[in-house]
Ligand code: CTP
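In this note's numbering, the protein residues as written are 81 to 210.
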């Protein structure tokens, strides 16, 4: 049995999120998703996500190929989460290429190509400019 873990904010859920979660799930038997908390996002980006962490987690939890999701409280805790959930593979989008290679001592690290031309930031910009 192979466990895959991935992380993200997944705010204003879109098809790029679906694509990476589906591909991540296909790499193993169990998919676990760390959803970054509102506090963590505020620290990173200086603003809260549009959807609360509860709603973001509810959306991720409702996907049939996601087995479990949990709040990611700190970017520095990835090694801890990998060990806690016995993950065999860490999946990240290729916007993070190379950034998590230091975790290869705990599990395989795979970067998947992002879906082109869509992001939460872009969706928010388009909506707010109309
Ligand atoms: N992702 C993807 N393709 C996209 C957008 C996101 O594969 N077009 C992946 C990211 O690489 C990440 C996961 O989805 O592994 C969650 O990304 P997140 O940062 O929450 O989404 P973005 O749309 O990139 O959000 P933002 O614009 O706020 O950075």
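The C-beta atom is built at its ideal place from N, Cα and C for all residues, glycine as well.
Within 10 angstroms of the beta-carbon of residue 200 lie 16 or more other beta-carbons, which makes it buried. Following the DSSP letters along the chain, one finds residue 120 inside the alpha helix (DSSP H) bounded by residues 118 to 125. The segment 150 to 164 and the segment 107 to 120 touch, with no fewer than 3 CB-CB distances between them shorter than 8 Å. In this structure, residue 196 has its CB closer than 8 Å to one or more heavy atoms of the ligand CTP. Residue 146 sits close to residue 113, with the two beta carbons spaced by under 9 Å.
Runs of the beta strand (DSSP E) lying entirely within the segment 146 to 201 and spanning at least 3 residues, in chain order: 148 to 152, 169 to 173, 188 to 192. One thing to note: residue 140 has its Cβ no nearer than 9 Å to the Cβ of residue 107.
Between residue 109 and the set 179, 205, 207, 166, the nearest pair of CA atoms involves 166.
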